[in-house]
Amino acid sequence: MRDGFQMVARIPYPITVPKYYAVASEAATMAFLRSFGLPIPEVYGYSPVPDNVAGTEYTFMEFVRGTKLSDVWADLGDRDIASVLHQLAGLESKMMSVSLPAGGSLYYTHDMEKRDGISGILLVENERFCVGPDVRLPLWFGRRSLIDVNRGPHLHPSNIIVSRSPDSSWQVTGLLDWQHASILPMFLLAGIPQRLQNYGDPVSESMTQPALPKNLDDLDEAERLPAKGLYHRRLVHYHYVKATEECSELHHKALISHMGVLRRRLFDHASSLWDGETLELKVDLIESVERWEALTGGGAQCPIVFDAEDVRETKRLGKVQEGTDETMEAVRSMIGCGEEGWVPTEDYEEAMARTKELKEAALAAATSAAERAEITKHWIFDDIDEDKYA
Numbered sequence: 005m006r007d008g009f010q011m012v013a014r015i016p017y018p019i020t021v022p023k024y025y026a027v028a029s030e031a032a033t034m035a036f037l038r039s040f041g042l043p044i045p046e047v048y049g050y051s052p053v054p055d056n057v058a059g060t061e062y063t064f065m066e067f068v069r070g071t072k073l074s075d076v077w078a079d080l081g082d083r084d085i086a087s088v089l090h091q092l093a094g095l096e097s098k099m100m101s102v103s104l105p106a107g108g109s110l111y112y113t114h115d116m117e118k119r120d121g122i123s124g125i126l127l128v129e130n131e132r133f134c135v136g137p138d139v140r141l142p143l144w145f146g147r148r149s150l151i152d153v154n155r156g157p158h159l160h161p162s163n164i165i166v167s168r169s170p171d172s173s174w175q176v177t178g179l180l181d182w183q184h185a186s187i188l189p190m191f192l193l194a195g196i197p198q199r200l201q202n203y204g205d206p207v208s209e210s211m212t213q214p215a216l217p218k219n220l221d222d223l224d225e226a227e228r229l230p231a232k233g234l235y236h237r238r239l240v241h242y243h244y245v246k247a248t249e250e251c252s253e254l255h256h257k258a259l260i261s262h263m264g265v266l267r268r269r270l271f272d273h274a275s276s277l278w279d280g281e282t283l284e285l286k287v288d289l290i291e292s293v294e295r296w297e298a299l300t301g302g303g304a305q306c307p308i309v310f311d312a313e314d315v316r317e318t319k320r321l322g323k324v325q326e327g328t329d330e331t332m333e334a335v336r337s338m339i340g341c342g343e344e345g346w347v348p349t350e351d352y353e354e355a356m357a358r359t360k361e362l363k364e365a366a367l368a369a370a371t372s373a374a375e376r377a378e379i380t381k382h383w384i385f386d387d388i389d390e391d392k393y394a
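Take any residue in the sequence shown, note its place counting from 1, add 4, and you have its number in my numbering.
The structure is reproduced here in structure tokens:
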């Protein structure tokens, strides 16, 4: 603007669902959390409907100056990593200390009344807000948004803004992207954010303080880079858990619960059935049967039984799936995109160039014409017909 004022105007992507609830919930969630002193951009105005001069849903919000944590994450020293994670754990603790009446997502009461003719579940302390339909993306993706059901009333480094303080330390100054935020009970909410966790590594899972290999200087470059990468992942996992222990006793107890991870996997993988995928949930159910007493506290008979051969084959396929998932995560990391394929606008051309290189490498490595045809036909990062998912 002519006076130097800057702000951010957000409009939902065409296939964003559910548009009304997503825009309305994000605006309310940001205002609500900001009122508790959290570093959330101020919302200047929003419209969850396209019936306006712009002809689209929109949100106008404060422009937060700083640097995306993802842009400096790999270059931070050990002390800065510990400091940033301690700040994030403190902010999480403040959010988790807010008492809410039900699970779902947060809205302004008047937005729920306009849409559904009901006020949702009002917050006793502030009836401007209410809990309404859950806007987590898995509940609405694809044709799920058309199903008439009661839907019951994400930290990522690219959504965290940091700035250098006068003493050269990094300070968290903004938390962005609340479009699909939901309210869950602690036993389902607890967990290390996906980009910060290092599960599957005995060092991380035992909470042993990580250290670089003593012979690091003797390794060649090809060996040194993976060793540093592993150390970084272990360090982030370790400091997040330690910071959570210091900042939030309740979250830490849920985080280290032996059965907590299994319960959350059951909850998350139950939605995978919509995508035609049953393997992950079946693996979880088999583990639940095997650990039934620890999972439930005993006193009730497990209602499901699996054949021994079925268990062996499912576990084998589960290991294959884990390997595939790890490969996919490595590819996403190389490209710089999230689970749904999103990349920042300024990184799009570079990300597309990387996908092209990866596809060419995959085609070159194919051992038959049939394999090359399959890669060409099903390359996951090619353009798709978005109307199928609208």
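For every residue, glycine included, the Cβ atom is placed at its ideal position computed from N, Cα and C.
query: Can you say whether isoleucine 384 is buried or exposed, counting buried as having 16 or more other CB atoms within 10 angstroms of its CB?; result: exposed
query: For a quick check, are the C-beta atoms of glutamate 30 and glutamate 46 less than 9 Å apart?; result: no
query: Return helix, strand or coil for alanine 13, following the three-state DSSP convention.; result: strand
query: Beta-carbon separation of isoleucine 339 and alanine 355 under 9 Å?; result: yes
query: Which residue's Cα is closest to the Cα of glycine 342: Ser74, Phe9 and Tyr25?; result: Ser74
query: For methionine 99, name the three-state secondary structure that DSSP assigns.; result: helix
query: Starting from arginine 376, trace the alpha helix (DSSP H) both ways and give me its first and last residue.; result: 373 to 382
query: Is DSSP giving isoleucine 44 helix, strand or coil here?; result: coil
query: Could you check whether threonine 63 and leucine 110 sit closer than 9 Å to each other, using their CB atoms as the reference points?; result: no
query: Look up glutamate 129 in the DSSP assignment and say whether it is helix, strand or coil.; result: coil
query: Mapping the DSSP letters down to three states, classify serine 29 as helix, strand or coil.; result: helix
query: Shorter than 9 Å from the beta carbon of phenylalanine 133 to some beta carbon of chain C?; result: This model lacks chain C altogether, as it is built from one protein chain only.
query: Please go through the same chain and pick out, in chain order, the residues whose beta-carbon is closer than 8 Å to the beta-carbon of methionine 263, but skip the five residues on each side of it.; result: Arg295, Ala298 and Leu299
query: Is there contact here, the region 98 to 110 with the region 188 to 197, by at least three beta-carbon pairs under 8 Å?; result: yes
query: Just how far apart, CA to CA, sit serine 2 and histidine 241?; result: Residue 2 lies beyond the range of the chain shown here (5 to 394); nothing can be said about it.
query: Taking 9 Å as the threshold (C-beta atoms), are arginine 119 and histidine 184 in contact?; result: no
query: Taking the alpha helix (DSSP H) that tyrosine 244 belongs to, which residues open and close that run?; result: 225 to 251
query: Taking just the CA atoms, how far does leucine 92 sit from lysine 363?; result: 37 Å
query: If I follow the unbroken alpha helix (DSSP H) through glycine 327, where does it start and stop?; result: 312 to 339
query: Cβ atoms of leucine 223 and alanine 215: under 9 Å apart, would you say?; result: no
query: Leaving out five residues on either side along the sequence, give the residues of the same chain with a beta carbon under 6 Å from the beta carbon of serine 221.; result: A small correction: the amino acid at residue 221 is aspartate; serine does not occupy that position in the sequence shown. Answer for aspartate 221: no residue qualifies.
query: For threonine 318, which residues in the same chain have their Cβ closer than 8 Å to its Cβ, ignoring the five residues on either side in sequence?; result: Leu283, Lys286, Val287, Ile290 and Phe310
query: Quick one: Cα of alanine 106 to Cα of aspartate 55, how far?; result: 31 Å
query: Could you have a look at glutamate 294 and say whether DSSP puts it in helix, strand or coil?; result: helix
query: Return the residue from the list Leu37, Ser162, Asp7 and Ala58 that minimises the CA-CA distance to glutamate 96.; result: Leu37
query: At which residues does the alpha helix (DSSP H) containing glycine 264 begin and terminate?; result: 264 to 273
query: So, for serine 292: in the same chain, excluding its five sequence neighbours on each side, which residues have a beta-carbon less than 6 Å away from its beta-carbon?; result: Leu299
query: Looking only at its own chain, which residues have a Cβ that is under 6 Å from the Cβ of tyrosine 244, when we skip the five neighbours before and after it?; result: Leu89, Ile196 and Leu200
query: Near isoleucine 85, what residues of its chain come up, given a Cβ to Cβ distance below 7 Å and the 5 sequence neighbours on each side ignored?; result: Leu239, Val240 and His243
query: Tell me, please, which residues DSSP counts as bridged to threonine 349.; result: None; threonine 349 has no bridge partner.
query: Who does valine 139 pair with in a DSSP beta bridge?; result: Note: valine 139 sits in no beta bridge, so no partner.
query: Check this for me: beta carbons of lysine 246 and methionine 211, under 9 Å apart or not?; result: yes
query: By DSSP, does tryptophan 182 sit in helix, in strand, or in coil?; result: coil
query: Which stretch, first to last residue, makes up the beta strand (DSSP E) that contains leucine 73?; result: Unbroken run through leucine 73 is the alpha helix (DSSP H), 73 to 76; no beta strand (DSSP E).
query: What are the start and end residues of the alpha helix (DSSP H) that includes threonine 113?; result: 113 to 120
query: Tell me the residue span of the alpha helix (DSSP H) that contains serine 208.; result: 206 to 209
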